[in-house]
């Protein structure tokens, strides 16, 4: 196996290509340790050691470090590791490792997200956000069920009223430009077009009855 290219990706890391195919990302100290040089051969033993020992351990450490600062869904964490150039096998090993300590839990993530945004985002917007973060539809349904069992509920009319009040919107004095701006603002939060239209575009609003 011949190292055909070493491409710097930062001051400390480089992509290594073997036989013209991307193989992995190594730190410069690792390049020196394994004597990885462009145009030279890499031994089967070193190649196996990098893939089976060095990268899985580093992927686990990277995953743990990421989770120290915030919670990630499984897909978000997988994407972060992919961005770091880790091979798929190392990524799956890292994900299994952190899951074993319950550091990743998509149901917990979804339930917490719902509780955090139940008062300022519509159900549709919350679902869009969670699906976009890689939450499976079945997990999302479980999270909603748990939220409802805890007494969770939403009144979208009241939510619209509160959001407009925070924005200083006055139904009686707002001009057309302001109504259009508030219309877009509420639509981006996933409220139905009918509720939003009645709240900001017409001369009356269901939300103030």
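Numbering (this note's numbering), first residue to last: 963 to 1171.
Glycine included, each C-beta is placed from N, C-alpha and C at the ideal position.
From a predicted model like this one, the values you see are computed outputs, not experimental measurements.
1. Please tell me whether residue 1033 and residue 1059 are closer than 8 angstroms, where the distance is taken between their beta carbons.
2. Given a cut-off of 8 angstroms on the beta-carbon distance, is the pair residue 1056 and residue 1030 in contact?
3. Just the C-alpha distance for residue 1035 and residue 1077, rounded to the nearest angstrom, thanks.
4. Tell whether a beta-carbon distance below 8 angstroms holds between residue 1163 and residue 1145.
5. Suppose only complete runs of 3+ residues qualify. What are the beta strand (DSSP E) ranges in the region 1099-1167, listed by chain order?
6. What three-state label does DSSP hand residue 996 in the structure shown?
7. Can you say whether residue 1024 is buried or exposed, counting buried as having 16 or more other CB atoms within 10 angstroms of its CB?
8. I think residue 1102 touches residue 1089, with their Cβ atoms under 8 angstroms apart; what is that distance to the nearest whole Å?
9. Going by beta carbon distance, what residues of the same chain come within less than 7 angstroms of residue 1009, once the five residues before and after it are set aside?
10. Would you kindly check if the distance between the Cβ of residue 1084 and the Cβ of residue 1130 is under 8 angstroms?
11. What are the residues that DSSP puts in a beta bridge with residue 976?
12. Which of the three DSSP states is assigned to residue 1060 in this structure?
13. Relative to the alpha-carbon of residue 1019, which residue among 1040, 1053 and 997 has its alpha-carbon at the smallest distance?
14. Counting only the same chain and skipping the five closest in sequence on each side, list residues whose C-beta sits under 8 angstroms from that of residue 1068.
15. So, with DSSP's three-state summary, where would you put residue 1090?
16. For the alpha helix (DSSP H) that residue 1018 lies in, which residues bound it at each end?
17. Look at the alpha carbon of residue 992 and the alpha carbon of residue 1117, and state the distance between them as a whole number of angstroms.
18. Out of curiosity, what's the CA-to-CA distance linking residue 1170 and residue 1160?
19. Grouping DSSP H, G and I as helix and E and B as strand, with all else coil, what is residue 1004?
Checking against the coordinates, here is how it stands:
1. no
2. no
3. 16 angstroms
4. Yes, Cβ-Cβ distance for residue 1163 and residue 1145 is below 8 angstroms.
5. none
6. coil
7. Flag for residue 1024 reads buried.
8. 6 angstroms
9. 963
10. Contact: no.
11. Looking at the DSSP assignment, residue 976 forms a beta bridge with 970 and 988.
12. helix
13. 1053
14. 1035, 1036, 1096, 1097, 1098 and 1101
15. The answer is helix: DSSP assigns residue 1090 an H, G or I state.
16. Per DSSP, residue 1018 is one residue of the alpha helix (DSSP H) stretching across 1017-1031.
17. Those two C-alpha atoms are separated by around 57 angstroms.
18. In this predicted model, residue 1170 has a pLDDT of only 38, less than 50, meaning its place in the structure is not dependable enough to derive any value.
19. Coil, per DSSP.
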